[in-house]
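Student: There's a structure below that I have some questions on.
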Amino acid sequence: MSKQAISTGTPRQAAFAALTQTRFASLNECLDAVLHSGIATLKVSRASVWRFEGDGGQIHCARLALSGRSDELGGTRIRRAQCPAYFDALHSNLVIAACDAREDPRTQELATCYLEPLGVRALLDVPIRIFGRQIGVLCLESEVLRDWQLPEEAFAIGLGTLVSLAYEHAELLRTRAQMQISAEFDQRTGLANLNRLERTLLRVFGLPQHGGGWLVHLQLRQYPYLRSHLSEPSLNELYQLVADRLRDQVPGLVELAHAGDAEYCLLSLPCSQEVLVDAIRASFLQPILLDGESLLLTPQCGLRMIAPAIRPQVAEWMREVETALHEARQGAAEFVCHSPSLSAERQQAHMLEQSLRRAVRLDEFVLHLQPMFSMQSGRVVALEALIRWRQPDGVLLLPDSFLDVLLQTGLIIPVGRRLLRHALEIVANLQKQWSRPDLGLSFNLSAPELVQPGLCELLAAEFARLRFSPGQLAIELTETVVISDQQGIVAVLRALRAIGCRVHLDDFGTGYSSLNHMRLLPFDALKIDRSFLGGALESDADRRLIRMLVKLCRELDRESVAEGIADIDHLRLAIALAADIGQGYLLSYPVAIDSISTAWLADVEQSARCLLEQARSPHGSGAARVAC
40 MSKQAISTGT PRQAAFAALT QTRFASLNEC LDAVLHSGIA TLKVSRASVW
90 RFEGDGGQIH CARLALSGRS DELGGTRIRR AQCPAYFDAL HSNLVIAACD
140 AREDPRTQEL ATCYLEPLGV RALLDVPIRI FGRQIGVLCL ESEVLRDWQL
190 PEEAFAIGLG TLVSLAYEHA ELLRTRAQMQ ISAEFDQRTG LANLNRLERT
240 LLRVFGLPQH GGGWLVHLQL RQYPYLRSHL SEPSLNELYQ LVADRLRDQV
290 PGLVELAHAG DAEYCLLSLP CSQEVLVDAI RASFLQPILL DGESLLLTPQ
340 CGLRMIAPAI RPQVAEWMRE VETALHEARQ GAAEFVCHSP SLSAERQQAH
390 MLEQSLRRAV RLDEFVLHLQ PMFSMQSGRV VALEALIRWR QPDGVLLLPD
440 SFLDVLLQTG LIIPVGRRLL RHALEIVANL QKQWSRPDLG LSFNLSAPEL
490 VQPGLCELLA AEFARLRFSP GQLAIELTET VVISDQQGIV AVLRALRAIG
540 CRVHLDDFGT GYSSLNHMRL LPFDALKIDR SFLGGALESD ADRRLIRMLV
590 KLCRELDRES VAEGIADIDH LRLAIALAAD IGQGYLLSYP VAIDSISTAW
640 LADVEQSARC LLEQARSPHG SGAARVAC
């Protein structure tokens, strides 16, 4: 086969320089220019770009140019099953220079299905890569036999590099666009997010010449029901339907953002508060039909009027409208408009809520453990887990300062479950290290935690993982928890006892209908509130009441726990009243988990035995703790 003499100088250099100096408006425009340059410079009949599909087992023609004809999109596909040798050559990342493509062992499998029907005799395939990964080939095809020269191959490789760069540029633009979308739009619903809303707020309402407007933070009252009854796709569809209604009804709507589960933020042009409120109400007048269910939703809204500002305070505006929404939630109101008269207490509560949300994200809640002792032997029978909030500055806060807000916001559920797992793990390790498999854990649960689905399943999984005996876990709850949903709570308690857990009724006597609870509730121990123990030192009536409760526990085959043993007189009283278990600062303070060891437990147990011995001695004196 004779070689064709093709100039190795200026034409290829000029063609390549022209391509590199041209700014193309699109990927396809660049591909077309490269393909036509290859046809004109190398005198071939066809030039095309082929892309791998899936796992590389198939390749398709993404762009095609023909000598003397207009561009075509291509579309031809070749599969590995038809041409395994050709695909092996493609995946080698090497140039395929086939002088006689119908005879070349790398390409001869293409003869009947591709080469002969198109009249192709020779081909030159150059790899196309994106960031080092091969994604396809640039194919130059001749209708005559060709002995490809090294300069021709070099030019083809240069064209392949240009195609690779074009694809890389297009990929970078696509990634940048996706990042922009991710930064400004909620991925679940496609609605704008708070980032976009805040930028719009700054751009539009921050101009001094602007006439002002409204900022609204809206929440659906029915979110707890929706969360428990709708699937994730249905919830997302519902959020979009609500957004569509708000767009239709709210006058002068500038931006509508999805601010979280069942929450929206709106920006609108100036109008009266009455017009705005009526428009929002109108959005919820008709029920929404979803999954065969008719949902009549109601909103709660915080409103904030935005006035023209030389220095826009976007963060402050967002915080104030959240405070207004918080006020609406607390007061069960539909609409609350922010004003300087909003109580400092409400704003402080809102700030506490935000701090708690941050604390949940940063895992700032920790456990302290307080031993519970047998009043007969002084033996440590269990450890009660107590929550503490360790703030960034190291200050440790007791639950009285934050527990109510954790309960109101539902944050108690993720916090409580994490701490429950942690407490089980700690006590399981102490059981092994101290060779005390009977060491128990006492853990307080609130009503939301008890009725949250999956509690028994979670405990069963932890028992199996840690080889923890269910009978060594006591779930503590107060009377007020039971009052909130007696029927539902009792069902959960029975389920807990069915898997082997114990139930302690805490702070007994501080709620209502206490004797009725003793009769109806499935509990294993009664914790007598510390206020009774303190009062019994001065009040004979309190003393008789405690004695009656302890006796009643024995009659019902329940244990009695005396809480709040703060000094030796309390301890003597608990002994005299025949309580089964004692707990209090005299016996041991709650201790951080980092400080708890088997040696420490042995020490407090020995100290408790000494205190019990002193309290039983008729000659024991003083209210101070005895060193033994």
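Numbered per my numbering, the sequence shown spans residues 40 to 667. For each residue, glycine too, the CB sits at the ideal point set by N, CA and C.
With a Cβ-Cβ cutoff of 8 Å, do Gly77 and Leu198 count as a contact?
Tutor: Yes, Cβ-Cβ distance for Gly77 and Leu198 is below 8 Å.
Student: Just to confirm my understanding: we take Glu515, look at its own chain, exclude 5 residues before and 5 after, and list those with CB closer than 6 Å. What are they?
Tutor: Ser481, Asn483, His543 and Asp545.
Student: Output the distance between the C-alpha atoms of Gly417 and Ser508, rounded to the nearest integer angstrom.
Tutor: Their Cα atoms are separated by approximately 23 Å.
Student: Are there 16 or more other CB atoms within 10 angstroms of the CB of Asp432, so buried, or fewer, so exposed?
Tutor: It is exposed - the Cβ of Asp432 has fewer than 16 other Cβ atoms within 10 Å.
Student: Can you tell me whether DSSP reads Pro438 as helix, strand or coil?
Tutor: In this structure, Pro438 counts as helix in the three-state DSSP scheme.
Student: Compare the Cα-Cα distances from Ser270 to each of Leu236, Arg213 and Leu329 and report the closest residue.
Tutor: It is Leu329.
Student: So, are the CB atoms of Arg320 and Gln339 less than 8 Å apart?
Tutor: Result no, Cβ atoms of Arg320 and Gln339 do not sit closer than 8 Å.
Student: Leaving out five residues before and five after Gln622 in sequence, what residues of the same chain have Cβ atoms less than 6 Å from its Cβ?
Tutor: Here the set comprises Met411 and Glu602.
Student: Using the C-alpha atoms, what's the distance from Ala421 back to Pro438?
Tutor: Going from the Cα of Pro438 to the Cα of Ala421 covers about 21 Å.
Student: Can you give, in chain order, each stretch of the beta strand (DSSP E) that sits fully within the segment 353-413 and has at least 3 residues?
Tutor: Counting only runs of 3 or more, we get 374-376 and 404-413.
Student: Short check: CB of Leu157 to CB of Leu179, under 8 Å?
Tutor: Against a cut-off of 8 Å, the Cβ pair of Leu179 and Leu157 comes out as no contact.
Student: Give every residue of the same chain whose Cβ lies closer than 7 Å to the Cβ of Arg286, excluding the five residues on either side of it in the sequence, and list them in chain order.
Tutor: Here the set comprises Leu292 and Leu295.
Student: Comparing alpha-carbon positions, which option in Gln97, Ala618 and Leu81 lies nearest Arg597?
Tutor: Checking every option, the nearest Cα to that of Arg597 belongs to Ala618.
Student: Starting from the C-beta of Gln472, find all residues in its chain whose C-beta is less than 7 Å away, skip the five residues before and the five after it, and write them out in chain order.
Tutor: Excluding sequence neighbours, Gln472 sits near Thr637.
Student: Roughly how many angstroms separate the alpha carbons of Leu259 and Ser273, rounded to a whole number?
Tutor: When rounded, the distance between both Cα atoms is 15 Å.
Student: Quick check: the segment 643-656 against the segment 606-613, are at least 3 beta-carbon pairs closer than 8 Å?
Tutor: Short answer: they touch.
Student: Taking its Cβ as the centre, do 16 or more other Cβ atoms sit within 10 Å of Ser552, making it buried, or is it exposed?
Tutor: Here Ser552 scores only 44 on pLDDT, less than 50, and its place in the model should not be relied on; the value that follows carries that caveat. Looking at its Cβ environment, which holds fewer than 16 other Cβ atoms inside 10 Å, Ser552 is exposed.
Student: Cβ of Gln511 within 8 Å of Cβ of Leu478?
Tutor: Yes; because the gap between Cβ atoms is below 8 Å, this pair is in contact.
Student: Output yes or no for whether 8 Å exceeds the beta carbon distance between Val83 and Ser181.
Tutor: Yes.
Student: Using CA atoms only, rank isn't needed, just tell me which of Leu315, Val399, Met357 and Leu469 is closest to Val454.
Tutor: The candidate whose alpha carbon is nearest that of Val454 is Val399.
Student: For Ala564, which of Ser578, Glu237 and Arg593 has the nearest alpha-carbon?
Tutor: Answer by Cα proximity: Arg593.
Student: How about Leu285: is its Cβ closer than 7 Å to a heavy atom in the ligand SAM?
Tutor: You won't find the ligand SAM in this model; it holds no ligand whatsoever.
Student: Would a C-beta distance cut-off of 8 Å place Gly331 and Val375 closer than the cut-off?
Tutor: Not a contact, by the Cβ cut-off of 8 Å.
Student: Span of the beta strand (DSSP E) holding Ser599?
Tutor: Where Ser599 is concerned, the enclosing beta strand (DSSP E) stretches over Glu598 to Ala601.
Student: Name the two residues that bound the continuous beta strand (DSSP E) containing Val419.
Tutor: Start and end: Val419 to Arg429.
Student: Decide if Asn232 is buried, meaning its Cβ has at least 16 other Cβ atoms within 10 Å, or exposed.
Tutor: Its Cβ being crowded by 16 or more others within 10 Å, Asn232 is buried.
Student: For the beta strand (DSSP E) that contains Ile167, what are its first and last residues?
Tutor: Looking at the DSSP string, the run of the beta strand (DSSP E) that includes Ile167 is Ala161 to Ile169.
Student: How should Ala56 be labelled, buried or exposed, when 16 other C-beta atoms within 10 angstroms of its C-beta is the threshold for buried?
Tutor: By the 10 Å Cβ count, Ala56 comes out exposed.
Student: Which of the three DSSP states, helix, strand or coil, is assigned to Asn483?
Tutor: Strand at Asn483.
Student: Can you list the beta strand (DSSP E) stretches of 3 or more residues lying completely in the segment 585-661, in chain order?
Tutor: Correct list: 598-601.
Student: Start and end of the alpha helix (DSSP H) containing Thr239?
Tutor: Segment Leu233 to Thr239, the alpha helix (DSSP H) holding Thr239.
Student: Find out if the Cβ-Cβ distance for the pair His297, Leu364 is shorter than 8 Å.
Tutor: The answer is no: Cβ separation not under 8 Å.
Student: Could you have a look at Leu500 and say whether DSSP puts it in helix, strand or coil?
Tutor: At residue 500 the sequence reads Ala, which differs from the Leu that was named. In the structure shown, Ala500 sits in a helix (DSSP, three-state: H, G or I).
Student: To the nearest angstrom, report how far apart Leu103 and Val159 are at their CA atoms.
Tutor: C-alpha separation (whole angstroms): 14 Å.
Student: Quick check: what's the CA-CA separation for Leu458 versus Val405?
Tutor: If you take the alpha carbons of Leu458 and Val405, they lie about 7 Å apart.
Student: Could you check the C-alpha separation between Leu201 and Arg119 for me, to the nearest Å?
Tutor: Going from the Cα of Leu201 to the Cα of Arg119 covers about 27 Å.
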